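J.: Per my numbering, the very first residue in the sequence shown carries number 57; after that it's consecutive. Please see the structure below; I have some questions.
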Amino acid sequence: MALKNASPWPAAEPGMSAPFQLHREALADVAADPAAVFAVLDDHRRLSAHMEKPSLMMAGATMKTELDSLRGQAVGSVIRMKGVILGVSLHVEEVVTHHEPPFRKTWETRGQPRLLVIDQYRMGFELAPAATGARLRVWIDYSLPTGFAGRWLGKLLGQVYADWCVTRMARDAVDFFNKG
């Protein structure tokens with residue numbers, strides 16, 4: 057698995073206008089065909105499972121994922137995450153903006169998220185056929201928080217957090233198909 061800041065794939069979603077200054081991504085080869093990998097990653101509860109487990113990156117806290125009736129599996133579907141980290145109540149609402157099984161899915165923040173080290177973001181994954189199954193790219197385009205404390209925390213930890221997120225999503229997909 058490789059962590060990169062640049063790739064041959066386009067980082068921005070065509071037609072979107074939100075200004076994201078930063079980009080991180082993880083690449084992985086998954087031992088399954090793209091359709092099988094897409095089906096696993098399209099389950100947003102599974103995709104964001106790393107947020108629901110206490111970890112050092114989450115300061116021991118968790119975020120709970122809530123899905124609408126479309127379960128994050130169609131354009132317009134809404135995903136909400138809520139939690140309390142270091143005594144601060146956090147929340148983010150995301151909307152699926154692109155859903156093209158079995159190759160691509162994109163979602164982005166809607167409204168103003170309340171997060172610690174990143175602000176608004178667009179995130180997604182792409183799959184391509186590969187000799188060993190599928191080539192997976194998980195990416196995030198994001199902005200830093202605007203307040204003084206948030207901007208300082210974002211400059212200090214935003215890239216580390218973004219790398220952790222995309223790497224965990226890619227690693228979880230690889231691990232899912234390596235179980236057997």
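Backbone N, C-alpha and C fix where the C-beta goes; we use that ideal spot for every residue, glycine too. Remember, predicted model here, so these are calculated numbers, not experimental data.
Applying the criterion that 16 or more other CB atoms from any shown protein chain within 10 Å of the CB defines a buried residue, is E122 buried or exposed?
T.: Stepping through the sequence shown from its first residue, residue 122 is reached at position 66. E122 is exposed by the Cβ-count criterion.
J.: Where does G167 fall in DSSP's three states?
T.: Here residue 167 corresponds to residue number 111 of the sequence shown, with the count starting at 1. Of the three classes helix, strand and coil, the one that applies to G167 here is coil, per DSSP.
J.: Runs of 3 residues minimum, wholly inside the segment 174-208: which ones carry the beta strand (DSSP E) assignment?
T.: Correct list: 177-186 and 189-198.
J.: Does the beta-carbon of T237 have 16 or more other beta-carbons within 10 angstroms, so that it is buried, or is it exposed?
T.: Because the chain spans 57 through 236 in this model, residue 237 falls outside it and cannot be assessed.
J.: Look at the alpha carbon of P66 and the alpha carbon of M225, and state the distance between them as a whole number of angstroms.
T.: Your numbering for residue 66 matches position 10 in the sequence shown. Your numbering for residue 225 matches position 169 in the sequence shown. Confidence in P66 is poor, its pLDDT being 48 and thus under 50, which makes the residue's placement too unreliable to answer from.
J.: For R136, which three-state DSSP category applies?
T.: In the sequence shown, the residue the question calls residue 136 occupies position 80. Three-state result, R136: strand.
J.: Could you give the first and the last residue of the continuous beta strand (DSSP E) run that contains V239?
T.: This structure leaves residue 239 out entirely; the chain is present only between 57 and 236.
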